Ligand SMILES: Nc1ncnc2c1ncn2[C@@H]1O[C@H](COP(=O)(O)OP(=O)(O)OP(=O)(O)O)[C@@H](O)[C@H]1O
Ligand SMILES: Nc1ncnc2c1ncn2[C@@H]1O[C@H](COP(=O)(O)OP(=O)(O)OP(=O)(O)O)[C@@H](O)[C@H]1O
Ligand SMILES: [Mg+2]
Ligand SMILES: [Mg+2]
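Chains as they are written, first to last, in UniProt numbering: chain A, 1 to 316; chain B, 1 to 316; chain C, 1 to 225; chain D, 1 to 225.
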């Protein structure tokens, strides 16, 4: 059976792409025509996507912070009172080459007293002392590979056995607390990210579902006129694409606003603490990752929802 | 002009309420028939409402924490070395009756040394001392009305002038930092709450808009058959009511889950810090407030959206 | 009952759909409205139910000028008129029963009343056994009859029908006409738009003939089309 | 072109809408399909366009058995058939032009081709000046003619019409019939469901008569109803 006139293949191929472009622009126009509803979807998706991005940034910054704290984690060796400065410095040299030791620092007993005096409330008290009661101290900086709680403790007990050492101290609790905090943070962040991505999927697929339902008649007629499912699906997929794209961009903007706000807040806090804190921003790769995942998630969600819902509409 | 048969007024009145009930149940059934979409709206609204509730809880807990810290804010008076225990205790009595002073505590110099020894790293060092270099200390607890930074400072300088006092110390910076933190927290919380409530309004009104659009034909026919706008609006308003109610309940559940999680996290952290922390939960009034605002916001949003969108649908 | 006085209707961006149409239909009368496709029949009927407002002139329904009726009054007007629409306007997700019950529900009838009246109306159009069907499960003619049942279930004082037999075969058309006549006999005013000249000419009812928006004839029809 | 072999159709929860219907319509033939309301006319046409599947028997369109056609093949089948629906099935938010252009867009025609063909089709049904209107701004008969224009714009080899003149007056009906005859003369197979016996009897075309789902007559019609 053949129709009276048919379209040539090249014509059909050309028109395929023309239609693609038309449908892409039309679905953009459609979003534009119902600004409230589309802005809402985009806003919700932007907010939902900005959270994982913000969490990732936060994680990055916390990581850096804990790294810098951990890389500051050190063992203080309080030497015997009898140890002279010379002996101490000689031993310091020896120590430097030992495994797990990144750096060593010699603190003279007088320097130690100065530091102690600067601590709150002791200044005037300690200045009343005639003799310096403090010993020399060697501060051992741990190598980065030795900064886990176990390994640090191992090194500690090893160093404590040295004959020069009166007492060896490691702020181990801090390490443990930090590890606990970090694990908790990354766990809850992961949980939140999974939740939020699920929300994005649900919201996009629901938006498209309602979109499809409100154009039920049109889809029915298109099917009656012989439009293939793919042809009918395309405008909705483009809608999903645009929502994903703009939602991703919005997420990026929001994320940077949050960063900006946090930096301001930190700078205010920093003033009170007399310290200057800066934050790491989003790298180009991370921006790209955000956009790709926004698009990927929204296209997948759209595809799933559109296929499912268009299949349900059958002409009667 | 009169119809051939008309309905009596009492009949009409009775049926008015019967219809009300029917429409309320029907719109609940409607939500049940499209579980995905309604669960989604409810979930989004629940999440959005849970945040302000959680923030309020957090604020309450932070408030309590800062209160307890502030109420612990104290001035330490380091007495002259020459002051004896007896003299000091006499003066302590005098101080107690002074304005701005809530409580005083005498710390013996030996007690002070013990405390100092417990601080990290000084234990063994100070035990080497022959003489206790520390003076007696009187700790002055500030009255709650004197705990602002200005007033505390005023009291400090006043006490510092006393002849027995070698040095007076107030941890003023802490107070300032806490104030800054608290202001920042409440500011951003307010901002977030406004944003989230706006999101709830938008989401509910959009949900109802799409709901109305997908029943456009039905509304048109109802109008043609002489249904009043109020009659047509009612099922949608009930939908808004149910969404608000369930969304509010969900928010409450989520809020308590968060509280539970935070308590667990704090208890874990507390283990590391060797302290036991508890959190304040939601009071019955706060639960009621949450439900009322959830219902209020959703009913207002529904009413606005429904009126606006139903008016736009006119039979042709 | 229905009185048009120099009524014109101009749709935006269109020519005049109705031009200075005047006529009077007494209470309890029955009349036909005919004319070519696009002559303005549906427009005239839409003016009666306030779906459209006249651009000029006045429309009286039962001595009340509805040409500038307030929007809040429109529902009360419509509840007193039974309308059969050219495109049925049934709710596709409600059963035939629920569709026919709609005007009664809107008017606040009791449940037992509703059941009784709906079944009576469905009986009259021969669809008693289809009460539990959805409109899309019915044939075109059956859907049209559901629309007719819905229009008469409320026993309105005024019945308006737009092409009520367009999808019905001759036998059924005659039956429906007889139904309208029965209503007319108990005092209901009936106005029927139709292009089915056979149906109109056989009966002795007056006929309004529209030609391009103008009233070309008002009275008995004897082959003047 | 169309061949039914012992086709039955039972709708779920309903009696048999079609019972063992067999007939054959040669390529290039024109035929009518008639019967009472609910006799199964629309059902028969829905089987041809695979909107419904037969419960039993086989339906051949151009030597191809479509009774168990794959869902992915249905669009290609439908693109080769021009269908006029009983309830028009126009898109109310698209202009008349866009409605008529739809089959061409789906078939991948070029833009200039589309413009040319759509205007030609609208010309044929006398709606050239309504191209920019929305369907709801047209009278019932005009909407029906838009549906006819859309069905023929694609110049399909098979044309199927369900009650194409239900809302048209006699003159317009005759004109549309002449249009169908023109198509038939250039080789298009045409099948028209109608209850308008006047229209059918005047012409010398074969007629399928359905009675409660059964084929009661197949051939020329001479007052046997
Ligand atoms: N909403 C509208 N906007 C613009 N023009 C309209 C509108 N409704 C109808 N028209 C035009 O007004 C004229 C009269 O339309 P109407 O529906 O009254 O005709 P009719 O007599 O009912 O025809 P039919 O028998 O085909 O139903 C037509 O030309 C139509 O195109
Ligand atoms: N989807 C469906 N589900 C159940 N029953 C149906 C369905 N469609 C049609 N029917 C029934 O099948 C019978 C035949 O319907 P069909 O639409 O084929 O009639 P028709 O000959 O086109 O009538 P008309 O002239 O009134 O349009 C009717 O009794 C109808 O109620
Ligand atoms: Mg009309
Ligand atoms: Mg039919």
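We put the CB at the ideal spot given by N, CA and C, even for glycine. This one's a predicted model, so the numbers in the text were calculated from it and none came from an experiment.
Who are residue 30 of chain D's beta bridge partners in DSSP?
One-based indexing of the fourth chain puts residue 30 of chain D at position 30. Checking the DSSP bridge columns, you'll see residue 30 of chain D partnered with D:190.
Near-chain D residues of the stretch 202–214 of chain A (beta-carbon distance less than 9 Å), N- to C-terminal order
Correct list: empty, as no residue qualifies.
Any Cβ of chain B within less than 9 Å of the Cβ of residue 59 of chain C?
Here residue 59 of chain C corresponds to residue number 59 of the third chain, with the count starting at 1. False, the Cβ-Cβ gap to chain B never drops below 9 Å.
Contact shell at 5 Å, judged by CB to any heavy atom of ligand 2, ordered along the chain:
That query returns the following residues: C:137, C:138, C:139, C:140, C:141, D:11, D:14, D:17, D:37, D:38, D:39, D:40, D:41, D:42, D:43.
Could you spell out where the beta strand (DSSP E) holding residue 132 of chain D opens and where it closes?
For the purposes of this step, residue 132 of chain D is identified with residue 132 of the fourth chain, where counting begins at 1. Neither: residue 132 of chain D is in no beta strand (DSSP E) and is coded neither H nor E.
Would you kindly report the start and end of the unbroken alpha helix (DSSP H) that includes residue 149 of chain C?
Here the question's residue 149 of chain C lines up with position 149 in the third chain. For residue 149 of chain C, the enclosing alpha helix (DSSP H) starts and ends at 140–152.
Below-9 Å beta-carbon distance, residue 121 of chain B vs any chain A residue:
Within the second chain, residue 121 of chain B is the residue found at index 121, counting from 1. With a pLDDT of 47 at residue 121 of chain B, under the threshold of 50, the modelled position of this residue cannot be trusted, and the question is left open.
C-beta contact flag for residue 37 of chain C and residue 16 of chain D at 9 Å
On the third chain, position 37 is the one that residue 37 of chain C refers to. On the fourth chain, position 16 is the one that residue 16 of chain D refers to. No, these two residues do not count as a Cβ contact at 9 Å.
Helix, strand or coil, according to DSSP, for residue 105 of chain C in the structure here?
Start at 1 with the first residue of the third chain, and residue 105 of chain C comes out as number 105. Three-state result, residue 105 of chain C: helix.
For a test of the three-state rule: what should DSSP assign to residue 50 of chain C, helix, strand or coil?
Your numbering for residue 50 of chain C matches position 50 in the third chain. Per DSSP, reduced to three states, the secondary structure at residue 50 of chain C is coil, with no helix or strand assignment.
Can you check whether the C-beta of residue 169 of chain C is within less than 9 Å of a C-beta belonging to chain D?
Position 169 of the third chain, counting from 1, holds the residue named residue 169 of chain C. Yes, because at least one Cβ of chain D sits closer than 9 Å to the Cβ of residue 169 of chain C.
How is the alpha helix (DSSP H) around residue 4 of chain D delimited, first residue to last?
Residue mapping note: residue 4 of chain D aligns to position 4 of the fourth chain, counting from 1. Premise fails: residue 4 of chain D lies in the beta strand (DSSP E), 2–10, not in any alpha helix (DSSP H).
Assuming residue 167 of chain D and residue 166 of chain C make a contact with CB atoms under 8 Å, what is their CB distance in whole Å?
The sequence position of residue 167 of chain D within the fourth chain is 167, counting from 1. The sequence position of residue 166 of chain C within the third chain is 166, counting from 1. Between residue 167 of chain D and residue 166 of chain C, the beta carbon gap of about 5 Å places them in contact (Cβ cut-off 8 Å).
Verify whether the separation of the beta carbon atoms of residue 204 of chain A and residue 212 of chain A is less than 9 Å.
Numbered from 1 along the first chain, position 204 holds the residue referred to as residue 204 of chain A. Numbered from 1 along the first chain, position 212 holds the residue referred to as residue 212 of chain A. If you check the CB distance, residue 204 of chain A and residue 212 of chain A do not come in under 9 Å.
Residue 46 of chain A (DSSP reduced to helix, strand or coil)
On the first chain, residue 46 of chain A is found 46 positions in, with the first residue counted as 1. Under the three-state reduction of DSSP output, residue 46 of chain A falls in the helix class.
Just grab the DSSP bridge partners of residue 64 of chain D for me.
The residue you call residue 64 of chain D lines up with position 64 of the fourth chain. Beta-bridge analysis with DSSP links residue 64 of chain D to D:61.
Quick check: the stretch 54–72 of chain D against the stretch 84–92 of chain D, are at least 3 beta-carbon pairs closer than 8 Å?
The stretch 84–92 of chain D, when compared against the stretch 54–72 of chain D, does not touch it at the 8 Å Cβ threshold.
Run through DSSP, which three-state label would residue 142 of chain B get?
The residue you call residue 142 of chain B lines up with position 142 of the second chain. Three-state result, residue 142 of chain B: strand.
With H, G and I counted as helix, E and B as strand and the rest as coil, what does DSSP make of residue 238 of chain A?
Against the first chain, residue 238 of chain A aligns to sequence position 238. Per DSSP, reduced to three states, the secondary structure at residue 238 of chain A is helical.
In whole angstroms, what separates the C-alpha of residue 106 of chain A from that of residue 196 of chain B?
Here residue 106 of chain A corresponds to residue number 106 of the first chain, with the count starting at 1. Here residue 196 of chain B corresponds to residue number 196 of the second chain, with the count starting at 1. Going from the Cα of residue 106 of chain A to the Cα of residue 196 of chain B covers about 55 Å.
Given this structure, state the Cα-to-Cα distance separating residue 140 of chain B from residue 103 of chain B, to the nearest angstrom.
Here residue 140 of chain B corresponds to residue number 140 of the second chain, with the count starting at 1. Here residue 103 of chain B corresponds to residue number 103 of the second chain, with the count starting at 1. If you take the alpha carbons of residue 140 of chain B and residue 103 of chain B, they lie about 6 Å apart.
Output the distance between the C-alpha atoms of residue 162 of chain C and residue 45 of chain C, rounded to the nearest integer angstrom.
Within the third chain, numbered from 1, the residue matching residue 162 of chain C stands at position 162. Within the third chain, numbered from 1, the residue matching residue 45 of chain C stands at position 45. Computed Cα separation, rounded: 8 Å.
What span of residues does the beta strand (DSSP E) with residue 215 of chain B cover, start to end?
Taking the first residue of the second chain as position 1, residue 215 of chain B is located at position 215. Run containing residue 215 of chain B: none; DSSP gives neither H nor E here.
Starting from residue 20 of chain D and walking both ways along the beta strand (DSSP E), at which residues does that stretch end?
Taking the first residue of the fourth chain as 1, we reach residue 20 of chain D at position 20. Looking at the DSSP string, the run of the beta strand (DSSP E) that includes residue 20 of chain D is 16–25.
Just checking residue 167 of chain C against ligand 4 - is the residue's beta carbon closer than 8 Å to any of the ligand's heavy atoms?
The count along the third chain starts at 1 and reaches residue 167 of chain C at position 167. Flag set: Cβ of residue 167 of chain C near ligand 4.
Measuring alpha carbon to alpha carbon, tell me which residue in C:130, C:94, C:61 is nearest residue 191 of chain C.
Within the third chain, residue 191 of chain C is the residue found at index 191, counting from 1. The residue with the shortest Cα to Cα distance from residue 191 of chain C is C:61.
Here's the rule: buried if 16 or more other CB atoms are within 10 angstroms of the residue's CB, otherwise exposed. What is residue 50 of chain B?
Locating residue 50 of chain B in the second chain gives position 50, counting from the first residue. Buried, by the Cβ-count rule.
Going by beta-carbon coordinates alone, are residue 204 of chain C and residue 220 of chain C separated by less than 9 Å?
In the third chain, the residue the question calls residue 204 of chain C occupies position 204. In the third chain, the residue the question calls residue 220 of chain C occupies position 220. Yes, the pair counts as a contact, with Cβ atoms nearer than the cut-off.
Decide if residue 144 of chain B is buried, meaning its Cβ has at least 16 other Cβ atoms within 10 Å, or exposed.
Translated into the one-based positions of the second chain, residue 144 of chain B becomes position 144. It is exposed - the Cβ of residue 144 of chain B has fewer than 16 other Cβ atoms within 10 Å.
Pick from A:315, A:59, A:65: whose alpha carbon is nearest that of residue 282 of chain A?
Looking up residue 282 of chain A in the first chain gives position 282. For residue 282 of chain A, the closest of A:315, A:59, A:65 by C-alpha to C-alpha distance is A:59.
If I'm right that residue 8 of chain D touches residue 57 of chain D with Cβ under 8 Å, what's the distance once you round it to whole angstroms?
Counted from its first residue, the fourth chain places residue 8 of chain D at position 8. Counted from its first residue, the fourth chain places residue 57 of chain D at position 57. Correct: roughly 6 Å between the Cβ atoms.
Do you know how far the Cα of residue 103 of chain C is from the Cα of residue 99 of chain D?
If you number the fourth chain from 1, residue 99 of chain D lands on position 99. If you number the third chain from 1, residue 103 of chain C lands on position 103. Residue 99 of chain D and residue 103 of chain C: Cα-Cα distance of roughly 34 Å.
When the distance is taken between beta carbons, is residue 32 of chain D closer than 9 Å to residue 200 of chain D?
Translated into positions along the fourth chain, residue 200 of chain D becomes position 200. Translated into positions along the fourth chain, residue 32 of chain D becomes position 32. Contact flag set, yes.
Considering residue 13 of chain B, what are the terminal residues of the alpha helix (DSSP H) in which it resides?
If you number the second chain from 1, residue 13 of chain B lands on position 13. Here the alpha helix (DSSP H) through residue 13 of chain B covers 9–33.
Rounded to the nearest angstrom, what separates residue 171 of chain D and residue 42 of chain C at their Cα positions?
The residue labelled residue 171 of chain D in the question sits at position 171 within the fourth chain. The residue labelled residue 42 of chain C in the question sits at position 42 within the third chain. Approximately 19 Å, taken between the alpha carbons.
Following a CB-centred definition, is residue 85 of chain C positioned closer than 8 Å to any heavy atom of ligand 1?
Translated into positions along the third chain, residue 85 of chain C becomes position 85. Flag unset: Cβ of residue 85 of chain C not near ligand 1.
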